[in-house]
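Enquirer: Below is the structure I would like to discuss, written out as structure tokens.
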Amino acid sequence: GAGVSQSPSNKVTEKGKDVELRCDPISGHTALYWYRQSLGQGLEFLIYFQGNSAPDKSGLPSDRFSAERTGGSVSTLTIQRTQQEDSAVYLCASSLHTNRGGYTFGSGTRLTVV
Amino acid sequence: GESVGLHLPTLSVQEGDNSIINCAYSNSASDYFIWYKQESGKGPQFIIDIRSNMDKRQGQRVTVLLNKTVKHLSLQIAATQPGDSAVYFCAENGYTGNQFYFGTGTSLTVIP
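Next comes the structure, spelled out in structure tokens:
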């Protein structure tokens, strides 16, 4: 597609439920990133995929968070047993190169845990 | 750990004036920096980048200045317009080069 697509755009879930957030990166972009943005805060790195290499999971805040990338394209971020502090905007980005040109971000999924 | 900070969390300027947004970074190994603009309800959008072998780079109405000695980055916007109102983030690529570390952001408001 023309840009990075994320779905859903908004998600309200009850505390304790699992959620899945989806990201469709730009076709041909080998690098894919997930970031989290809390209200009025900067972007917090979560996880990074590059081609067929093992993902860099160093930013995942707890074992309730996991992500996968199937076929080197679509990625799913899963949050199990959601907590209220998980409420944030989850941003996905992709890039062709890791060291120039920066990322192209999607519009994000706004997650609200009630 | 990584630390990217901004001197001013908010900035208000009159339409037509020039804007300067500042950013301090902590990792001397960072060699690539990007400024992003984020409008309400949207993801961050690339504005301009600069490598550590440069101290200035110009784009359309925007200029980025890099001072590696004091680990400081600034974004200058000429003739600021209402459409420039947004949150601006600086980002550095850190010691791994595989991901970018973002600051908290500066909210720019342009007063008509």
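Top line first, the protein sequences correspond to chains A and B. According to our numbering, the first sequence is numbered sequentially starting from 1. According to our numbering, the second sequence is numbered sequentially starting from 1001. We treat Cβ as the ideally placed atom computed from N, Cα and C, and that holds for glycine.
Rounded to whole angstroms, how far is the Cβ of A/L46 from the Cβ of A/Y35, which I believe are closer than 8 Å?
Expert: With 8 Å as the limit, A/L46 and A/Y35 qualify as a contact, their Cβ atoms being about 6 Å apart.
Enquirer: Determine whether the beta carbon atoms of B/N1098 and A/D86 lie at a separation below 8 Å.
Expert: Not in contact: B/N1098 and A/D86 (Cβ atoms no closer than 8 Å).
Enquirer: Could you check how far apart the C-beta atoms of B/L1108 and B/D1084 are, in whole angstroms? I think they sit under 8 Å.
Expert: 6 Å
Enquirer: Counting beta carbon pairs with one atom in the segment 3-15 of chain A and one in the segment 78-96 of chain A, are three or more of them shorter than 8 Å?
Expert: For the pair of segments examined, the segment 78-96 of chain A was found to touch the segment 3-15 of chain A: the number of CB pairs separated by less than 8 Å reaches three.
Enquirer: Could you tell me which chain A residues have their CB closer than 8 Å to the CB of B/L1034, listed as they occur along the chain?
Expert: Here the sequence assigns Ile to residue 1034 of chain B, which means Leu is not the residue at that position. Per Cβ cutoff of 8 Å: G102.
Enquirer: Helix, strand or coil: which one does DSSP assign to A/Q118?
Expert: Residue 118 of chain A is absent from the model: chain A starts at 1 and stops at 114.
Enquirer: Does A/A2 pass the burial test, meaning 16 or more other C-beta atoms within 10 Å, or should it be called exposed?
Expert: exposed
Enquirer: Quick one: measure Cβ to Cβ for B/A1078 and B/N1018, integer angstroms, because I've assumed they're closer than 8 Å.
Expert: Between B/N1018 and B/A1078 the Cβ distance is about 5 Å, and since that is below 8 Å, they are a contact.
Enquirer: Within the 8 Å Cβ cut-off, does B/K1042 reach chain A?
Expert: yes
Enquirer: Does any heavy atom of the ligand GDP sit closer than 7 Å to the C-beta of B/T1080?
Expert: Of the ligands one can find in the structure shown there are none, so the ligand GDP has no counterpart to examine.
Enquirer: Within the same chain, show all residues whose beta-carbon is closer than 7 Å to that of B/R1051, passing over the 5 residues directly before and after it, in chain order.
Expert: Same-chain partners within the cutoff: D1031, Y1032.
Enquirer: Just checking my contact of A/Q6 with A/C92 at CB under 8 Å: how many whole Å lie between their CB atoms?
Expert: 5 Å
Enquirer: Run down chain A in chain order and give the residues with a C-beta less than 8 Å from the C-beta of B/T1063.
Expert: The premise fails here: B/T1063 is roughly 17 Å from chain A at the closest Cβ pair, so nothing lies under 8 Å.
Enquirer: Chain A partners of B/G1059, CB-CB under 7 Å?
Expert: Chain A residues near B/G1059: none, gap ~13 Å exceeds 7 Å.
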